Amino acid sequence: MMLLEDETTALVEAAWLRGLTTPPAMTVSEWADQNRLLPGANAEPGPWRTARVPYLREIMDCLSVSSPVERVVMMKGAQTGGTEAALNAIGYWIDHAPGSILAVWPSIDMVRKNSRTRIEPLVQDTPAIRAKIVPPRSREPGNTIALKEFPGGSLMMTGANSAVGLRSHAARYLTLDEVDAFPADADDEGDPVSLAIQRTVTFRGRRKIIMISTPTTAGVSRIERAYAESDQRRYHVPCPHCGEFQALTWCGVTWPKDEPARAFYACQECGGVIEEHQKPSLLAAGEWRPDAPGPGKAAGFHLSALYSPFESWGDIAVDFLASMSDPTRLKTWTNLKLGEAFEDRATQTVPIDELQARAEAAERPWAELLPDGVAVITAGVDVQDNRIEIELVGWGRNEESWSLDYRIIHGDPAGPEPWAALDALLTRTFRHPRDVPDLRVAAAAIDSGGHRTSQVMAYSAARLARRVWAIKGKGGPGVPAWPRRPPKPQKATTTPLHIVGVDGLKSQLFARLRIEAGAAPGACHFPADRDVTWFAGLMAERPVRKWTRGVARIEWIVDRGVRNEPLDCRVYATAALAGLGAAGFSLGDAATRTASAAMRADTEPPRDIAAPRAAVIRSRWVHG
């Protein structure tokens with residue numbers, strides 16, 4: 001049927017008017033409530049409901065195009081939904097206000113992971129944006145791991161360790177996730193946060209930037225510094241008894257004696273008891289209030305896990321009691337549960353005479369008869385041009401440790417004699433006071449740096465079945481104690497080289513050296529025959545805060561004139577324990593099995609294995 005001229009004109013005019021009409025104003029939270037579907041792998045799959053996490057509404061709406069806020073800072077605890085808020089903003093920008101988006105994660109590896117586990121589900125489970133992005137495996141370009149194109153813009157993803165990715169394209173929208181795990185420098189071109197923000201300057205006045213992270217160490221935490229420069233908002237909730245608004249803090253959490261799982265919140269004004277089941281109504285009635293308002297500041301939001309609807313106050317209290325005696329675990333608890341930077345007083349050096357005064361006497365040397373708490377033994381080995389140094393460390397429940405022995409094997413490691421002597425130490429047996437089989441060194445980590453790399457790699461290659469691992473230490477924040485994935489040799493004949501995070505291990509050690517309790521989690525025990533020079537070597541480095549291009553970081557500085565091999569050996573022995581854990585070993589289970597065995601009636605030590613005559617082994621630390 002043919003349309004009359006007037007009808008045709010009316011249709012054209014209507015279409016023209018629709019094209020000129022401004023889309024209805026919409027916020028990120030409204031878009032998410034209407035469009036977002038959480039994937040099946042999520043703890044609560046199905047339609048997104050901002051009402052479930054009402055504290056995220058204002059954070060997300062600051063990222064709406066109608067908001068005057070340009071920069072959002074979210075310093076958060078775990079299980080609070082920060083990453084989901086950023087994903088909602090990305091979906092909103094693609095669908096409602098298209099433009100160039102740059103998403104930055106700490107590393108290229110994390111880009112691959114998050115693209116697959118977060119971005120792909122966001123696209124595939126959200127019809128509003130799925131139709132706008134080129135289908136995967138299409139002949140058309142525009143849908144890769146690091147790039148998703150759509151009408152009016154694109155989503156580019158890169159790692160903070162890639163300067164090329166950070167300076168490739170201008171971006172109107174920028175998300176920076178887990179910024180405290182970013183490297184201090186991106187390919188020697190500067191702070192990755194500053195490089196990424198520089199990509200948005202051409203959109204000043206229309207740009208949106210969100211920085212999200214769990215904080216780490218006070219004074220060097222990027223997110224802590226960014227939050228301090230913001231208007232510092234905290235979420236205040238009303239007491240159901242007196243109506244007084246207050247921000248939830250750890251000091252308000254309490255519990256009946258010996259029953260932390262029944263923790264509740266006590267109002268800081270009236271003392272009224274607020275039970276866990278009242279949390280949803282508290283959150284629904286809450287509001288954000290700034291502590292440092294001022295023009296031109298970023299909108300900063302601090303959010304602890306105390307607000308999380310996915311974690312109870314009882315769970316947090318139980319975790320606290322399990323962590324309070326171990327500085328390393330307490331730091332993690334403070335970061336993840338309170339969303340606060342940890343004041344790392346524990347990295348301060350311990351006086352050497354204080355450490356030596358805590359050394360313990362025993363009827364027999366620990367290398368002959370193990371302390372009762374030892375469940376597994378690891379070794380840390382440092383290779384020098386004219387000697388090999390090794391510490392044997394016994395580990396018990398909660399990583400309580402005993403320095404069983406420290407040896408120096410003199411001789412050039414370019415020849416076979418020192419390695420034969422090392423083999424004798426690593427294969428000897430250790431008698432336990434309980435009725436369990438004699439223990440051997442379960443794993444050893446040998447530093448491959450220096451001038452004897454080829455000898456270390458060859459020694460490790462022949463003993464991988466005994467878990468004698470070649471390692472290389474790497475400094476800087478965010479480097480794990482042991483690689484998350486096994487190294488992939490380039491050739492079948494190549495020995496794997498394990499990269500270990502030495503700075504984190506040193507911080508952990510220094511925190512534990514401050515524990516004075518005899519059997520506390522992480523406590524370190526030393527024998528009375530260890531001399532003062534060895535203790536000086538254990539404390540031979542100091543953590544110093546340094547600034548590089550405006551970014552604070554911790555550097556470990558060696559004291560002049562002091563040999564640091566005892567420190568290195570302890571770090572490597574701890575890395576070996578982490579390697580055992582990565583291989584499936586459970587220290588807790590091993591400690592339980594050992595403790596359940598009866599005490600031996602016969603505690604005669606085994607005959608020690610003599611060293612080859614070509615090498616001189618001294619059991620005490622020799623300076624020089």
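Quick note: the sequence shown uses UniProt numbering, first residue 1, plus one each step. The beta carbon of each residue, even a glycine, is placed where N, CA and C say it ideally should be. It should be emphasised that the depicted structure is a prediction, and the values quoted were computed from it without experimental measurement.
Counterpart residues of residue i in DSSP-defined beta bridges
i	result
serine 403	Val393
histidine 236	Ala247 and Glu287
isoleucine 471	Asp447 and His498
proline 527	Glu360
asparagine 143	Lys148
arginine 71	Ile209
lysine 76	Leu303
glycine 153	Phe150
methionine 599	Arg434
valine 253	Tyr265
valine 544	Glu555
isoleucine 101	Leu155 and Tyr173
proline 47	Leu37
leucine 369	Arg431
alanine 298	Ser230
DSSP state of residue i mapped onto helix, strand, coil
i	result
cysteine 267	coil
asparagine 161	coil
arginine 52	helix
valine 562	coil
leucine 63	coil
valine 134	coil
methionine 211	strand
alanine 610	A caution first: alanine 610 carries a pLDDT of 42, below 50, which makes its placement in the model unreliable, though a value can still be read off. Alanine 610: coil per DSSP, three-state reduction.
valine 616	Because valine 616 sits at a pLDDT of 43, beneath the cut-off of 50, its placement in the model cannot be relied upon, and the following sentence gives the value as read from the coordinates. Valine 616: strand per DSSP, three-state reduction.
alanine 379	strand
glycine 579	helix
threonine 117	helix
methionine 1	Low confidence applies here, because methionine 1 scores a pLDDT of 45, under 50, leaving its location unreliable and the question unanswered by this model.
aspartate 191	coil
isoleucine 108	helix
threonine 216	coil
isoleucine 515	coil
alanine 226	helix
alanine 346	In this predicted model, alanine 346 has a pLDDT of only 47, less than 50, meaning its place in the structure is not dependable; the value taken from the coordinates is given anyway. Here alanine 346 sits in helix by DSSP.
valine 479	coil
valine 441	strand
valine 273	strand
alanine 86	helix
glutamate 58	helix
Residue i versus residue j - alpha carbon distance
i	j	result
leucine 283	phenylalanine 182	32 Å
alanine 346	proline 151	In this predicted model, alanine 346 has a pLDDT of only 47, less than 50, meaning its place in the structure is not dependable; the value taken from the coordinates is given anyway. Their Cα atoms are separated by approximately 53 Å.
glutamate 84	isoleucine 557	40 Å
tyrosine 406	isoleucine 390	6 Å
leucine 174	leucine 102	5 Å
serine 67	serine 304	25 Å
glutamate 480	alanine 420	According to the sequence as given, residue 480 is proline; it is not glutamate. Taking the straight line joining both Cα atoms gives about 31 Å.
alanine 520	threonine 50	43 Å
proline 238	proline 135	48 Å
tyrosine 307	isoleucine 274	13 Å
tryptophan 333	glycine 339	9 Å
leucine 580	proline 192	34 Å
residue 628	leucine 422	One cannot answer for residue 628 here, as it falls past the ends of the chain, which runs 1 to 624.
alanine 614	alanine 357	Model confidence at alanine 614 stands at a pLDDT of 39, short of 50, so the residue's coordinates are unreliable and nothing is read from them.
alanine 367	isoleucine 377	11 Å
serine 454	histidine 525	34 Å
leucine 147	arginine 130	14 Å
alanine 361	arginine 530	10 Å
threonine 533	alanine 444	24 Å
Would you be able to state if there are at least three C-beta pairs under 8 Å between the stretch 356-373 and the stretch 112-122? no
Pairs of beta-carbons, one from the stretch 443-461 and one from the stretch 155-164, closer than 8 Å: are there three or more? no
Contact between the stretch 31-49 and the stretch 117-133: three or more CB pairs below 8 Å? yes
Counting pairs of Cβ atoms below 8 Å between the stretch 192-200 and the stretch 123-130, do you hit three or more? no
Quick check: the stretch 567-585 against the stretch 497-511, are at least 3 beta-carbon pairs closer than 8 Å? Yes: the two stretches touch, three or more of their Cβ pairs being nearer than 8 Å.
Cβ pair count under 8 Å reaching 3, the stretch 466-478 against the stretch 395-413: no
Assess contact between the stretch 351-360 and the stretch 228-235, defined as three or more Cβ pairs (one per stretch) separated by less than 8 Å. Is contact present? no
Spell out a yes or no on whether the stretch 255-263 and the stretch 311-327 are touching, meaning 3 or more CB-CB pairs, one atom from each, closer than 8 Å. yes
Is the stretch 216-223 touching the stretch 243-260, taking contact as three or more C-beta pairs under 8 Å? Too few Cβ pairs lie closer than 8 Å, so no.
Segment contact, 8 Å Cβ cut-off, at least three pairs: the stretch 426-434 with the stretch 584-592: no
If contact is defined by three or more beta carbon pairs under 8 Å, each pair taking one atom from either stretch, is the stretch 207-215 in contact with the stretch 59-76? yes
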